[in-house]
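Under our numbering, think of the first position of the sequence shown as 913, with each following residue one higher.
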Amino acid sequence: MTGDRLDDPRRARLRERLELIRTRSQKSTSWRSVTHYFSGLINREGVVPVKARLSREDLRFLSSARDEVIAFADLGLRLLDLHQPRDAGGISSDPASPIRRCRACMWRWPCPTIRAVEESVDRPLGP
């Protein structure tokens, strides 16, 4: 890590926040394996009466998970708005598919930011 990255307080705050969210998420228990079972327990009121043993880490995670997921979705959408393709303006051997570059960072399209977002969003979930 270079010195200029360490000197940016906004970047440091963002990194600290993201690491806290990741750590909290990793410590909590995944509910993925029991959701199929829970869907069969929906009663006439449309809810599942749940009795579960939750750890302190689980409760901390669940208390803010919704807001944090919304914040990450917003972040992803803002990144998509910022990083969009544009015609690079050069001569291409195939006029039907011209060379494109990212409007924000000028990398060849798709830029590393878009590839990173795609890898995260398209990652298979759970077992």
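We put the CB at the ideal spot given by N, CA and C, even for glycine. Since the model is a prediction, treat every value here as computed from it, not as a measurement.
- prompt: Can you name, in chain order, every residue of its own chain whose Cβ lies under 6 Å from the Cβ of residue 1016, other than the five neighbours on each side?
  reply: 994 and 995
query: Just how far apart, CA to CA, sit residue 940 and residue 947?
result: 15 Å
field: Straight-line gap, residue 923 to residue 955 (C-alpha atoms, nearest Å)
entry: 47 Å
query: Should the segment 957-976 be regarded as contacting the segment 1007-1024, the criterion being three or more beta carbon pairs within less than 8 Å?
result: no
Cut-off 7 Å between Cβ atoms - residues of its own chain near residue 915, not counting five sequence neighbours on either side: For residue 915, the pLDDT reaches just 46, beneath the cut-off of 50, and the residue's location in the model is therefore unreliable, although a value from the coordinates is still provided. If we look at residue 915 and ignore the five residues flanking it on each side, it has no Cβ neighbours.
- request: Name the one or two DSSP bridge partners that residue 999 has.
  value: 1012
- prompt: First and last residue of the alpha helix (DSSP H) that includes residue 986?
  reply: 968-994
- prompt: Do residue 1024 and residue 997 have their CB atoms nearer than 9 Å?
  reply: no
field: Cα-Cα separation between residue 1006 and residue 1035, rounded to whole angstroms
entry: 32 Å
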